[in-house]
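Since the structure comes first, as structure tokens, the remarks are kept for the end.
Chains as they are written, first to last, in full-length UniProt numbering: chain S, 1 to 175; chain L, 1 to 175.
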């Protein structure tokens, strides 16, 4: 939240400030996702959903490294800034893990929760790419695009999992 | 959060429960977005960003009505369920309004915040469509698809606004 001290400076805040705030938001988000994915992988019923979360966990490590590099390109140390959006999105994933434990619909709910995470990242990386272009930072654009491509591919893979059997299995009533 | 009482029932939870939980989540989200958009419209610097938020506010009213109809198709009364994800995403929009007030980058930040909202909705409507198909509810699918198309078009319109001048104006340093 803005403090009185911050407000005094707002009028000089330009696109680079906005970009760096967004970068810190994503840095916090990626690190939090890195901690959440093993819990989701462990909680999933089916091997294919577990494998999808484990694969994305490994990818996320590389995405954090790319963010480190983008901070460097802007001459800044990498650091996060609390991101209430990802906190809320991941909280919904934890709720699914608790409320659907042992239920036929658990994996369908986990896949959906992961897609909400992916879409948040797709929105934020898309924005940061547009801003990095405007700021004349082509190397940052390339790094961010590499991650955006991975997030988009992950979202598509999750849709395919849902439609490829996970949603159908969720239809079953438990015995 | 799951309570002990809820846990006792989890094992019977199937895809329809998950669908209805998701519907309540979106109902809460749309109603909250309906209250947030006028503040964002009023806070924006440029007429074009204000107009985009006002247009989407009008659209959102229709989206709430479609959700009412989907609840009816499932024989349920429309009601919301607190959605920490949209709470967090909208909190980030409020922070932009405060922290960038009077700054050249304000509108670029607001457009980005609105795109995060759209992407959350795109993820959730996409999921509900897949589940409604699986549940054999073609009328619900049609209603949800009509809204998904609007959300996707809004996201694209916001990207075009950003790239069509809003991001460039954010580059200016205030005098």
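For glycine and all other residues, C-beta sits at the position ideal for the given N, C-alpha and C.
Pairing residue 67/S with residue 71/L, the inter-Cα distance amounts to about 42 Å. Under a criterion of Cβ atoms nearer than 8 Å, no residue of chain S is adjacent to residue 125/L; the nearest Cβ is some 11 Å distant. Within chain S, not a single residue places a beta-carbon under 8 Å from that of residue 63/L; the smallest gap is close to 17 Å. The shortest C-alpha to C-alpha distance from residue 137/S to any of 69/S, 95/S, 163/S and 118/S is the one to 69/S.
Separation of the CB atoms of residue 103/L and residue 11/S is rounded to 6 Å, and the pair is thereby assigned contact status at 8 Å. Non-local C-beta neighbours of residue 24/L in its own chain, meaning closer than 7 Å and more than five positions away in sequence, comprise 79, 80 and 81, ordered along the chain.
Take the alpha-carbon of residue 126/L and the one of residue 166/S: they are about 15 Å apart. In this structure, residue 111/S lies away from residue 37/S, with their beta-carbon atoms at least 8 Å apart.
In this structure, 147/L is the residue among 147/L, 171/L and 154/L with its C-alpha nearest to the C-alpha of residue 64/L.
The beta carbon of residue 50/S lies closer than 6 Å to those of 41 and 44 in the same chain, with the five residues before and after it left out.
Shown here, residue 120/L sits in a helix according to DSSP, grouped into three states.
With a beta-carbon spacing of about 6 Å, residue 32/L and residue 90/L fall inside the 8 Å limit used to define contacts. Residues of chain S with a Cβ closer than 9 Å to the Cβ of residue 46/L do not exist, since the nearest Cβ in that chain sits about 15 Å away.
Residue-level contact by beta carbon fails for residue 26/S and chain L, as no gap is shorter than 8 Å. Residue 105/L is positioned such that its CB atom lies closer than 8 Å to that of residue 170/L.
Of the other Cβ atoms in all chains shown, 16 or more fall within 10 Å of the Cβ of residue 124/L; this residue is therefore buried. Sequence-distant partners of residue 121/L (beyond 5 residues in either direction) whose C-beta falls short of 6 Å from its own C-beta, in its chain, are 151. Nearest to residue 129/S by alpha-carbon distance, out of 149/S, 61/S, 153/S and 95/S, is 149/S. Membership of residue 53/S in the alpha helix (DSSP H) is indicated by the continuous run 47 to 73.
Taking residue 172/L as reference, the option from 159/S, 139/S, 158/S and 134/S with the minimal CA-CA separation is 134/S. Counting C-beta atoms within 10 angstroms of its own C-beta, residue 76/S has fewer than 16 neighbours from the protein chains shown and is therefore classed as exposed. Going by C-alpha positions, residue 159/S is about 22 Å away from residue 85/S. Close CB contacts of residue 34/S within its chain, under the 8 Å cut and outside five residues either way in sequence, are with 57, 60, 61 and 64 (chain order). In the three-state scheme derived from DSSP, where H, G and I count as helix and E and B as strand, residue 38/L is classed as helix.
Taking the beta carbon of residue 88/L as reference, the chain S residues within 9 Å of it are 83, 84, 85, 86, 87, 88, 89 and 91, listed in sequence order. In this structure, the beta-carbon distance from residue 15/S to residue 131/S falls below 8 Å.
Neighbours of residue 108/L across chain S, judged by C-beta separation under 8 Å: 15, 18 and 131. The beta carbon of residue 112/S sits closer than 8 Å to some beta carbon of chain L. Between residue 47/S and the set 28/S, 83/S, 107/S and 73/S, the nearest pair of CA atoms involves 107/S. Contacts between residue 154/L and chain S, judged by CB atoms closer than 8 Å, are missing: the closest CB pair is about 12 Å apart. Look at residue 171/S: its C-beta is under 8 Å from a C-beta on chain L. DSSP places residue 134/S within a helical segment (H, G or I) once states are collapsed to three. The beta carbon of residue 143/L is closer than 7 Å to those of 66, 69 and 70 in its chain, skipping five residues each way along the sequence. The alpha-carbon of residue 145/S is positioned some 15 Å away from that of residue 30/S. The Cβ atoms of residue 157/S and residue 52/S sit closer than 8 Å to each other.
Nearest CB-CB separation between residue 56/S and chain L: not below the 8 Å threshold.
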